[in-house]
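Chains as they are written, first to last, in my numbering: chain D, 1 to 270; chain P, 1 to 313.
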């Protein structure tokens, strides 16, 4: 709009410039903790992780047979397990709260380019994942030191597990996000996520047991199996393992995400 | 406030052209065309379900139109770089996260628009939400408070256009008067206001222009005089006197139709004619007024076939 010849007689001396993405990120980040529900959810995740770490440390100490070696991944893994259950709910709420609370009417009136808002939300989901990862790793280090100080045998290896944990954590957060974008309903999205995390692997495992050929099919979308090799370092993965991983991510993440983004960009907001 | 500078062509603030929105076989908005000009309050008037809200949602890009186009200052809402700085929007005061405080709601909007936090305080003050009220969560707000918060949100970006859907909903009489003053002043400073209501009285008191809509179609538009000219009904006057029978007889003698109405008479003639007749017969009038019902009559008449209630004769 602005030209070099613009003078002071311009009707809009304060012609508004667009909203930079960084500002949308800030706003969406703030929205992720500024309600009672989201704040206590994040608080609860932190508290439960901490409690789980203490329990893990106590159990390890009590059962210490002198041969168990605790490495960096042990405690980080405990934190990761808890986060895998609860953190995607944060991502789900980021999306669905706009629809269930009808704030989308305001959000998309402020920034009608809806894809930018959704991208900012995706960014926030990843920020929270990274915060969790750092939190988990720091806890891992602290509890390693704590366990070592208690006389346990500690090893500082296991970084491949941490890298795998980061990748899987991001993927799970995005899967929660993707399904939330597709169904735009909090309870439904949470149910789908837990079904994906608990019911689907159980059913696939039963199928694998009962039907001889099923294993060959299911490994393409068995998320837990497909992501398993990541814990040993993605740099060690075979071509076949990569194939399974990519297909599983396409099925569980990319497909619902693309459909969900399409839905949001076209939906009527009431 | 802002003025269109020399050398610039005047841009129509809001322009709606042939806007249509269908849901399956149902047509919510049917070929709606109108414009809103700066310095004027335009009232969008129609019964519930007439298509006012759908039209407004299309204008701000929340609902895609089936046909037609709505532009703000000549461009689609989607193409406004930071739209809330140009158009203040309040579509539904209840569409807020109940878990956020009033202040937080405004803070998020101010952050998005790139405004300083001080602007939030200014707006809270403007709509008379006290600091303690601003700290309360929106779910504990009355509808009137939510409405004030919504108006604060709409005004936050110092826009030159306001689009408000039923802004008086839930406000108490003092609140309605306050809002009327606010919007009048806003328009006098050069702002453009489009507000909707299903209450004629509300719109009549504030709007310079009115658009009557029913079943998705525009039934009439223009200022008060133009709308009343639209009213093709014979002129009626309501009169009450100390001797209604004598007055009725005198009028009938002149060939004027008279029917009893409540405590007085409904007369098919101008008030001046009734007054003259009363004077001639030395009858004391205690009440004399135009019986055309003003805009209300017109409104009911125009929307008669679109009302849910059948018209009670």
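All C-beta atoms, glycine included, are put in the ideal place defined by N, C-alpha and C.
Against chain D, the beta carbon of residue 98(P) has neighbours under 8 Å at 101, listed in chain order. With a threshold of 7 Å between beta carbons, residue 112(P) makes contact with chain D.
Per the Cβ contact rule, the segment 84 to 103 of chain P is not in contact with the segment 127 to 144 of chain D (fewer than 3 Cβ pairs under 8 Å). Contacts with chain D (Cβ-Cβ distance below 8 Å) from the segment 50 to 78 of chain P involve 57, 60, 61, 62, 63, 64, 77, 78, listed in chain order. The residue among 150(P), 249(P), 295(P), 187(P) with its C-alpha nearest the C-alpha of residue 169(P) is 150(P).
Neighbours of residue 245(P) in chain D, taken as residues whose beta carbon is under 7 Å from its own, are absent, since the nearest beta carbon is some 58 Å off. A distance below 7 Å between beta-carbons, with the five flanking residues on each side excluded, links residue 264(P) to the following residues of its chain, in chain order: 238, 239, 240, 244, 287.
For residue 176(D), there is no enclosing beta strand (DSSP E); the enclosing alpha helix (DSSP H) covers residues 159 to 183. Per DSSP, reduced to three states, the secondary structure at residue 56(P) is helical. In the three-state DSSP reduction, residue 34(P) falls in the strand class (E or B). As for any beta strand (DSSP E) of minimum length 3 sitting wholly inside the segment 155 to 242 of chain P, the runs are 161 to 165, 192 to 197, 209 to 214, 217 to 222, 237 to 241, ordered along the chain. Residues of chain P with a Cβ closer than 7 Å to the Cβ of residue 35(D) are, in chain order, 97, 99, 100. At a Cβ-Cβ threshold of 7 Å, residue 296(P) and residue 268(P) do not count as neighbours.
Taking a contact to require three or more Cβ pairs closer than 8 Å, the segment 242 to 255 of chain D and the segment 219 to 232 of chain D qualify as touching. Secondary structure note for residue 261(P): it is in no alpha helix (DSSP H), and the uninterrupted beta strand (DSSP E) holding it is 258 to 261.
Per DSSP, reduced to three states, the secondary structure at residue 141(P) is coil, with no helix or strand assignment. In this structure residue 171(D) is in contact with residue 253(D), their Cβ atoms being roughly 6 Å apart against a cut-off of 8 Å.
Per DSSP, residue 44(P) is one residue of the beta strand (DSSP E) stretching across 41 to 45.
Taking a beta-carbon distance threshold of 7 Å, residue 112(D) counts as an interface residue toward chain P. Note that the segment 207 to 223 of chain P does not touch the segment 274 to 288 of chain P; fewer than 3 beta-carbon pairs, one per stretch, sit closer than 8 Å. The beta carbon of residue 22(P) sits closer than 6 Å to the beta carbons of 66 from its chain, once the five residues preceding and following it are set aside; these are given in chain order. Contact between residue 290(P) and residue 271(P) holds, with the beta-carbon distance rounding to 6 Å and staying under 8 Å.
Per DSSP, the continuous beta strand (DSSP E) segment holding residue 70(P) begins and ends at 67 to 72. Judged by beta-carbon spacing, residue 113(P) lies within the 7 Å limit of residue 157(P), meaning their Cβ atoms are closer than that value.
Between residue 164(P) and residue 195(P), the C-beta gap is smaller than 7 Å, which places the two residues in contact. Contact annotation for residue 268(D) against chain P: 57, 62, 63, 64 [CB-CB distance below 8 Å, chain order]. Classified as exposed, residue 206(D) has fewer than 16 neighbouring CB atoms from the shown chains inside 10 Å of its CB.
Among the residues facing chain D, residue 29(P) is not included, as its CB has no counterpart in that chain under 7 Å away. With a beta-carbon spacing of about 7 Å, residue 42(P) and residue 211(P) fall inside the 8 Å limit used to define contacts. By the neighbour-count criterion, in which a residue is buried when 16 or more other Cβ atoms sit within 10 angstroms of its Cβ, residue 156(D) is exposed. CA-CA distance, residue 74(P) to residue 64(P), rounds to 18 Å.
Judged by DSSP in its simplified three-state form, residue 146(P) adopts helix.
Around the beta carbon of residue 177(P), fewer than 16 other beta carbons lie within 10 angstroms, which makes this residue exposed.
In summary, the residues of the segment 81 to 93 of chain P whose CB is separated from some CB of chain D by less than 7 Å are 81, 82, 83, 84, 85, 86, 89, 91, 92, in the order they occur in the chain.
Residue range 72 to 100 is occupied by the alpha helix (DSSP H) that includes residue 92(D).
Between the segment 106 to 115 of chain D and the segment 163 to 170 of chain D there are fewer than three C-beta pairs closer than 8 Å, too few to call the two in contact.
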